[in-house]
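Data block below; observations after.
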Amino acid sequence: DVADLPGVPEWLPDHLRDDGIEELYPPQAEAVEAGVTEGENLVASIPTASGKTLIAELAMLSSVARGGKALYIVPLRALASEKQADFEEFEQYGLDIGVSTGNYESEGGWLADKDIVVATSEKVDSLVRNDAPWIEDLTCVVTDEVHLVDDGERGPTLEVTLAKLRRLNPDLQTVALSATIGNAEALATWLDAGLVDSDWRPIDLQKGVHYGQALHLEDGSQQRLSVQNNEKQTAAIVRNTLEDDGSTLVFVNSRRNAEAAAGRLANTVRPHLTDEERAQLADIAEEIRDVSDTETSDDLADAVADGAAFHHAGLSRGHRELVEDAFRDRLVKVVCATPTLAAGVNTPSRRVVVRDWRRYDGSAGGMAPLSVLEVHQMMGRAGRPGLDPYGEAVLIASSHDEVDELFERYVWADPEPVRSKLAAEPALRTHILATVASGFARSREGLLEFLEQTLYASQTDDSGQLERVVDDVLTYLQRNDFLEIESGELDATSLGHTVSRLYLDPMSAAEIVDGLRDWERGVSDSTSASGSPADAPAEPPADSGFTTASELAGDGDESNNADRDPDDISALGLYHLVSRTPDMYQLYLRSGDREEYEMELFEREKELLGPTPSEFEEGRFEDWLSALKTARLLEDWATEVDEATITERYGVGPGDIRGKVETAQWLLGAAESLASEVDLDAARAISEARIRVEHGVREELVDLAGVRGVGRKRARRLFQAGITDRAQLRDADKAVVLAALRGRRKTAENVLENAGHRDPSMEGVEPAPDVEVDLD
Ligand code: ADP
């Protein structure tokens, strides 16, 4: 009974009852017995939707009630706002909630007064690197989806961050929540924690496989589920669920497939909608179109008008929220999603269909099966407690043999054990530098001892492997001037400190510094058949026998070691520089792209910083071209090409443009700091490229677009109306501004106020008739 919880604030039982929670679910009760409300460490490995959030809340609220401060680590930014909304319910009892996701390299001082902070593991890592003083005040840390320590890219950050937090405060209560995994006890051992390992669910889940005209269920029964002529299996299941007044969540393996499936399934859903539903859906479709003016937005709106939707990481946040809400409100009857959604966004549904159980995997060089853990997490979304009698999760078989295979592989299988991915060079490069720079280790031995506290160390018998990678990484860091090693003592250089605080992969920093230096020395052509930038010759050997692109272009003198003016670095050159670092997710080259970007490279090679790798170095050359494609996207954005054209030209979603832009902004900001750190005089060019990409405008609009509420399109309209900068806007004729902003009074008032206009009121003002602006 919620009245009998030790250690929690006195208002909590009533609050829970108001939410319809009278009794704890069994795994929650086990957690309380294990002391989660009394400061004990705990690992809880329980199925999706079985009440993990409440366990987290019990831990955090009781810790705060004892005068402490709690941190909740989320795996995805998209989840931070959902958790924030959950926890903000406690503000009525005087608690302060803070969220910190973006903008690395600050210490988030304002978080010092918060009782509960929500952040991604990367953000926490960066706060530790920037010595946020309040980190030491933490008394409780909760990690959501801790099984992601298994993720090669992000897992190591989580692992090292937890180790650091625990080192800073040995009494820190550590609570880790996980999906059901094969080796929960290994996590508990690593974190010195009690363990709740349960497969209890609040609502029954039946797993099954569909083939032919039947749904084969795991209890051995079969349901007739017929597929009509020309109908796909998924459509048949969606139709069958609709006939029972239920909704379906369909998991597919790519964004494109999600969009295509939603488009098709809209035809299945449409006949089942009532007039009222149609009217409400039409409203939501309009809201979707309002979010952005792109093809993705249109496709989504079209599908939603018919009661279907897609959901993937290429959507903007506004789109995602509209889809999730409409699905929860049972207006949208089917959502086709990529597996990212399964990682925690709370959208339960009557049925789940796992349509694709393979996905493209670059490292496997083709299609590879999903892990049991992932498939079980998707399946776990089936069934809404209190609304559905039970949930059903269905895999789709395309042959009779596949029915058996899918039962073996997923329905009856146990999830894989989670294994640390720390002992890999890219991960250790970053974390070793940060660990030394923040003073967690001052010698090779100290470093190894620190790494002993990671999951990796608790899982391996071969400590030699870790030592070998550590030594390689130390050599790399020393060679690139990030670390000094003197008689066994490790010390970060000033550059090393900067890199760590900027949250850069040291390899990105090296690429940026080398590129800027190469530019200064005038190295920018394709003479290097030799290798990495580090050992490329500073100027082409006279007798190399190669013809360089710049020679072909008739200005070979540039490669004559002449110092070049840093102000001449083009924005494209800088976008390319940051796009080729490991911190930027580059765009893939699709078929046909290679030729196009080889041409592009030939034309614009002079603008790039550093020597182009030889075509014989397949991998590096390919990367160089992908970076050029990414840089071209950024350049398009910064020359006011409209969003719809960009999404089409590069085959991306609007959310991807935002992602690239934000990453470029961060990396260019970092490049500015690095340039001044190593005395390179390129700050002006970099800062301009950064601001242009931030606002998505050409140079002449930078000032205007910086006024809050203006943005790229409005800045261009104002400019066309003769208002060219902030100062002019401040003193502008209101009739002109109103005309430029197409008669939108509220917007005009807002913009004038932000520009500091004496009297922004638009009352009685009419748009000036002689102002003509036309962008569309
Ligand atoms: P998880 O994080 O494990 O995926 P959630 O914490 O989101 O699952 O819980 C799923 C749903 O169950 C939520 O709507 C929550 O309010 C509800 N819930 C949690 N605990 C209880 C309980 N003891 N009694 C009734 N409902 C509960």
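Counting from 1184, one number per residue, gives the positions in the sequence shown under the working numbering. Glycine is no exception: its CB is placed at the ideal position from the N, C-alpha and C atoms.
Beta-carbon proximity list for Y1394, same chain, < 6 Å, skipping 5 on both sides: For Y1394, where only same-chain residues beyond five positions count, the Cβ hits under 6 Å are A1580 and V1586.
Between V1535 and R1564, how many whole angstroms is the CB-CB distance? I'm expecting something under 8 Å. Indeed, because the Cβ distance is near 5 Å, the residues count as touching under 8 Å.
The ligand ADP heavy atom lying under 7 Å from the CB of K1235: The answer is yes for K1235.
Helix, strand or coil, according to DSSP, for P1723 in the structure here? Note that P1723 scores 38 on pLDDT, short of 50, meaning its location in the model is unreliable; the coordinates nonetheless yield the value given after this. Residue state for P1723 is assigned as coil, using DSSP reduced to three classes.
Consider the C-beta atom of A1232 and the heavy atoms of the ligand ADP; say whether any pair is separated by less than 7 Å. Relative to the ligand ADP, the beta carbon of A1232 is positioned inside 7 Å of a heavy atom.
Please report the residue range of the alpha helix (DSSP H) in which V1577 lies. Annotation for V1577: no alpha helix (DSSP H) segment contains it, though the beta strand (DSSP E) segment containing it runs G1574 to I1579.
Return the chain-ordered ranges of every alpha helix (DSSP H) run that is complete within the segment 1222 to 1263 and spans a minimum of 4 residues. Within the segment 1222 to 1263, the complete alpha helix (DSSP H) runs of at least 4 residues are 1235 to 1248.
Does any heavy atom of the ligand ADP sit closer than 7 Å to the C-beta of I1204? Within the cutoff, so yes.
Do the segment 1260 to 1278 and the segment 1209 to 1218 make contact, defined as three or more Cβ pairs closer than 8 Å? Flag = no, the segment 1260 to 1278 and the segment 1209 to 1218 do not touch.
Whole-angstrom distance between L1921 and E1949, CA atom to CA atom: About 7 Å.
Can you give me the Cβ contacts of V1474 inside the same chain, cut-off strictly under 8 Å, excluding the 5 residues immediately before and after it? So the list reads S1480, S1499, G1501, H1502 and L1505, once near-sequence residues are dropped.
Cβ pair T1322, V1435 closer than 8 Å: A distance of 8 Å or more separates the beta carbons of T1322 and V1435.
Is it the case that the CB of L1901 approaches a heavy atom of the ligand ADP more closely than 7 Å? Incorrect: L1901 has no Cβ contact closer than 7 Å to the ligand ADP.
Using only the alpha-carbon positions, how far apart do D1708 and A1827 sit? Model confidence at D1708 stands at a pLDDT of 48, short of 50, so the residue's coordinates are unreliable and nothing is read from them.
Heavy atom of the ligand ADP less than 7 Å from the Cβ of P1316, yes or no? No, the Cβ of P1316 stays beyond 7 Å of every heavy atom of the ligand ADP.
Exposure label - R1785; buried when at least 16 CB within 10 Å: Correcting the residue identity first, residue 1785 is Phe in this sequence and not Arg. Around the beta carbon of F1785, fewer than 16 other beta carbons sit within 10 angstroms, so the residue counts as exposed.
Look at the Cβ atom of I1471, then the Cβ atom of L1456, and state whether they are nearer than 8 Å. No, these two residues do not count as a Cβ contact at 8 Å.
Under DSSP, the alpha helix (DSSP H) around I1840 begins and ends at which residues? From DSSP, the alpha helix (DSSP H) with I1840 extends over P1837 to E1860.
Quick check on the DSSP output: the beta strand (DSSP E) that includes H1494 runs from which residue to which? In the DSSP annotation of this structure, the continuous segment of the beta strand (DSSP E) that includes H1494 starts and ends at A1491 to H1494.
Beta carbon of Q1211: closer than 7 Å to some heavy atom of the ligand ADP? For Q1211, the distance from the CB to the nearest heavy atom of the ligand ADP is below 7 Å.
Could you tell me which residues DSSP puts in a beta bridge with I1668? According to DSSP, which records beta bridges pairwise, I1668 is partnered with L1673.
Here's a check: name, in chain order, each residue in its chain whose Cβ is nearer than 6 Å to the Cβ of Y1276, leaving out the five neighbours to either side. Around Y1276: W1194.
Where do the N-terminal and C-terminal ends of the beta strand (DSSP E) with L1398 fall, by residue? Bounds of the beta strand (DSSP E) holding L1398 are A1397 to L1400.
Looking at Y1208 and the ligand ADP, is the gap between the Cβ and the nearest heavy atom below 7 Å? Flag set: Cβ of Y1208 near the ligand ADP.
Same chain, Cβ closer than 8 Å to D1726, five either side skipped, listed in chain order: Residue placement at D1726 is poorly supported in this model, since its pLDDT is 37, which falls under 50; the coordinates still yield a value, given next. Cβ contact annotation for D1726 (same chain, cutoff 8 Å, sequence separation greater than five): none.
Counting Cβ pairs, one atom from each stretch, are 3 or more of them under 8 Å apart for the segment 1876 to 1884 and the segment 1760 to 1773? They do not touch, by the three-pair rule.
Start-to-end residues for the beta strand (DSSP E) that takes in F1434: Unbroken beta strand (DSSP E) run through F1434: T1431 to F1434.
Could you tell me the distance, in whole angstroms, from the CA atom of D1738 to the CA atom of D1751? With a pLDDT of 42 at D1738, under the threshold of 50, the predicted position of this residue should be treated as unreliable, though the coordinate-derived value follows. In this structure, the alpha-carbon of D1738 lies about 16 Å from that of D1751.
Measuring straight from C-alpha to C-alpha, what distance separates Q1648 and E1635? Rounded to whole angstroms, Q1648 and E1635 show a C-alpha spacing of 13 Å.
Does the beta carbon of P1522 fall short of 7 Å from some heavy atom of the ligand ADP? Short note on P1522: C-beta not closer than 7 Å to any heavy atom of the ligand ADP.
Per DSSP, which residues does L1388 bridge with? Please list them. When DSSP reads this structure, L1388 sits in a beta bridge with G1574.
I1874: which of R1899, A1754 and R1777 sits nearest, CA to CA? Of the residues R1899, A1754 and R1777, the one whose Cα lies closest to the Cα of I1874 is A1754.
Check the DSSP bridge columns for I1280 and list the partner residues they point to. Partner(s): I1299.
Could you check what DSSP says for G1756 in three-state terms: helix, strand or coil? Three-state DSSP puts G1756 in a helix.
Using a Cβ-Cβ cutoff of less than 6 Å, which residues in the same chain neighbour G1838 once the five nearest sequence positions on both sides are dropped? Around G1838: G1497, L1498 and S1499.
Own chain residues within Cβ distance below 6 Å of P1192, not counting five before or after: Counting only Cβ-Cβ distances below 6 Å, and skipping sequence neighbours, we find L1244 and A1248.
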